Amino acid sequence: MDLSISSPFRGAFPAPTSTFILNPKSRCSHSLNFFKHRNSYSKNPLFSRQKIPIRAQVSDPAVDDGFVIDDVPHLTDFLPDLPSYPNPLQNSQAYAIVKQTFVRPEDVVAQKIVVQKDSSRGEHFRRAGPCEKVYFKSEEVRACIVTCGGLCPGINTVIREIVCGLNYMYGVDDILGIQGGYRGFYSKNTLILTPKVVNDIHKRGGTFLLTSRGGHDTQKIVDNIQDRGINQVYIIGGDGTQRGASRIYEEVEKRGLKVAVAGIPKTIDNDIAVIDKSFGFDTAVEEAQRAINAAHVEVESVENGIGIVKLMGRYSGFIAMFATLASRDVDCCLIPESPFYLEGKGGLFEFIEERLKENGHIVIVVAEGAGQEYLAQSMQGIDEKDASGNRLLLDVGLWLTQNIKDHFTKERKMAINMKYIDPTYMIRAIPSNASDNIYCTLLAQSAVHGAMAGYTGFTVGPVNSRHAYIPISHVTETQNTVKLTDRMWARLLASTNQPSFLNCDESTGGKVCKDTIDLINNMKITSI
Ligand SMILES: Nc1ncnc2c1ncn2[C@@H]1O[C@H](COP(=O)(O)OP(=O)(O)OP(=O)(O)O)[C@@H](O)[C@H]1O
Ligand SMILES: O=P(O)(O)OC[C@H]1O[C@](O)(CO)[C@@H](O)[C@@H]1O
Ligand SMILES: [Mg+2]
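1 is the number of the first residue of the sequence shown in the UniProt record's numbering; add one for each residue after it.
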């Protein structure tokens, strides 16, 4: 049988045994269930304009191989008559001898790469890269770039590469910088960005465009986009920012504007779901080594030295976990995802005393979001939020330092040498390292290719090392956290040989242990 479908993903099927005609309109509900789009964009030209025969395995019509494509919106979903143009990269010197300049419309990136013979194939995303057709003429583009949320190494590289990518690859020369985050759309003047203006900015930390928290007013922002005639919006920021980008995309669609909205995920905490890792994370982990080294040098030079290093990580302990794994000088790592307790058997005090006896010193790395529930108990009534509505954290480093001091000097009558290092902002206020710089370049260029090709409402990022376009709503649904049930956390425990804090102790009334077990039971079990 011949199988004709209108999807760009036709090539992603297994080898044929027989073929048949598949009605394009029924692709989501077809009994074979080849297509299970989370988002069905029936007006997408790539779906509706091509009818190319393909062959698919139909040996068992009841088989559902669980192949799901989570595609991103396209401008033609709500502006069906938009004209397209040949991609100017066709004539680009840079791509002149590239074997395959354009990504194939049917190329998808699998979210799940460890599979078993009979397991479901799972979710897939559209592969990022230059597309054969673009939906903007170069001279028609008026792009803008905005950065929101906290700092992260590499933001300036992303800004630079969006500007250079638009200009060098697509001949775009009308690019505006929105200053000071979302509120800059309606309260500040814009900057004119050219390759010359941004030439050196990647060598500096911070953001050339300034940033802020709060101030997201969708109506005012989209009014401003409309008034200024902006038709490509590049939004660099974390989970909050991506939620804001999603609101902007929805409003743009509601108003029927030809405006592509592209999100570039940024967060030092590495807490954005779906993507492999966020840019600047490696740089931050590397910088954290300097603080850990300092703590180690200090405490191994004195008697009963206890070093505490507090690292960023609001809800996700990735920086603390990776900095610990990289260092080997850390005896214990405390993260928000893993409840711990101080007193009694299997507790932190007992472990510190053991290490002091064994080695004469100990280094503890604590993520800023760890142990917040205990701090909240001892400092009742403090519940402040920042301008974006993020809960302001209590200082776990100071709390830990004080509790350890009290325990050893007052209760155990032991002389200790406490060194507390809080390098918090130092690890994020630096320029990105070489590998993050390359990563930032890929993100920026992929975002530019996506917007030029008319995709919108997408976030770009690597999924199993391949850059993909991910619907913004998908990355904001959940937050990436360290899974205690994954092998990575077990690797850390095996490396530090620290307690897992899973042993219940009388002094905690078994509460902490129960909390932990409940937490673990509620987790999706995955392994990396
Ligand atoms: N649900 C939301 N809807 C619309 N805008 C939002 C939402 N959440 C946050 N924002 C806006 O996004 C911007 C950045 O949010 P936030 O301060 O939480 O930082 P972030 O992007 O999560 O980055 P970081 O990783 O540094 O926390 C702010 O301007 C905020 O107003
Ligand atoms: O003090 P600021 O700039 O609001 O940012 C602090 C927060 O931002 C982050 O770096 C990123 O969310 C967190 O780790 C930290 O809690
Ligand atoms: Mg955030």
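Yeah, the Cβ is synthetic: ideal placement off N, Cα and C, and Gly gets one too.
All values reported here derive from a predicted model rather than from experimental measurement.
- Restricted to the stretch 89–148, the beta strand (DSSP E) segments that are unbroken, complete and at least 3 residues in length are 108–110, 122–127, 143–147, listed in chain order.
- Within the same chain, and ignoring the five residues on either side of Gly229 in sequence, the residues whose Cβ sits closer than 6 angstroms to its Cβ are Arg142.
- Here the residues close to ligand 3, judged by CB distance below 5 angstroms to any of its heavy atoms, are Gly238, Asp239, Gly240 in chain order.
- Counted as a single uninterrupted DSSP element, the alpha helix (DSSP H) harbouring Ala295 occupies residues 281–300.
- The beta carbons of Pro73 and Pro471 sit closer together than 9 angstroms.
- Within 10 angstroms of the beta-carbon of Tyr182 lie 16 or more other beta-carbons, which makes it buried.
- In the DSSP assignment, Val396 falls within the unbroken alpha helix (DSSP H) covering 396–405.
- Put simply, the stretch 292–302 does not touch the stretch 341–350. Fewer than three CB pairs are less than 8 angstroms apart.
- Between the C-alpha atoms of Ile113 and Cys131 there is a straight-line separation of about 25 angstroms.
- For Gln498, there is no enclosing beta strand (DSSP E), as DSSP marks it with neither H nor E.
- At a cut-off of 8 angstroms, the beta-carbon of Thr267 counts as near ligand 2: some heavy atom of the ligand is closer than that.
- Going by C-alpha positions, Cys164 is about 42 angstroms away from Leu334.
- Bridge pairing for Phe458: Ala262, Pro471 [DSSP].
- Note: Cys333 is bridge-paired with Val365 in the DSSP secondary-structure output.
- Excluding its 5 nearest sequence neighbours in each direction, Leu442 has C-beta neighbours in its own chain below 7 angstroms: His467, listed in chain order.
- Contact between Gly305 and Asn417 holds, since their C-beta atoms are separated by about 5 angstroms, short of 8 angstroms.
- In the structure shown, the three-state DSSP call for Asn359 is helix.
- Pairing Leu75 with Gly313, the inter-Cα distance amounts to about 36 angstroms.
- A buried status is given to Gly238, since no fewer than 16 other beta-carbon atoms sit within 10 Å of its beta-carbon.
- Taking Gly214 as the centre and dropping the five residues before and after it, the same chain places the C-beta of Ala387, Ser388 closer than 7 angstroms to its C-beta, in chain order.
- Shortest gap from the CB of Gln242 to any heavy atom of ligand 1: under 8 angstroms.
- Exposed is the label assigned to Ala490, since fewer than 16 other Cβ atoms lie within 10 Å of its Cβ.
- The beta carbon of Glu253 lies closer than 6 angstroms to those of Phe78 in the same chain, with the five residues before and after it left out.
- The C-beta distance from Gln232 to Ala273 rounds to 25 angstroms, too long to fall under 8 angstroms, and the pair is not in contact.
- Per the C-alpha coordinates, the member of Leu393, Gly129, Thr478, Met169 positioned closest to Gln100 is Gly129.
- Annotation for Leu311: the continuous beta strand (DSSP E) segment containing it runs 305–311.
- Tyr425 sits exposed, since fewer than 16 C-beta atoms from the chains shown fall within 10 Å of its C-beta.
- C-alpha of Ser138 to C-alpha of Ile162: approximately 14 angstroms in a straight line.
- Distance from the CA of Met414 to the CA of Gly360, rounded to the nearest whole angstrom, comes to 12 angstroms.
- Proximity of the beta carbon of Ser388 to ligand 1 is indicated: a heavy atom of the ligand is located closer than 8 angstroms.
- Gly263 is a Cβ neighbour of Phe458, given a cutoff of 9 angstroms.
- DSSP, reduced to helix, strand and coil, places Gln179 outside both helices and strands of the structure shown, so it counts as coil.
- As DSSP reads the structure, Pro86 sits in a beta bridge with Lys133.
- Taking a C-beta distance under 9 angstroms as the contact criterion, Glu337 and Lys133 do not qualify as a contact pair.
- An exposed status is given to Gly256, since fewer than 16 other beta-carbon atoms sit within 10 Å of its beta-carbon.
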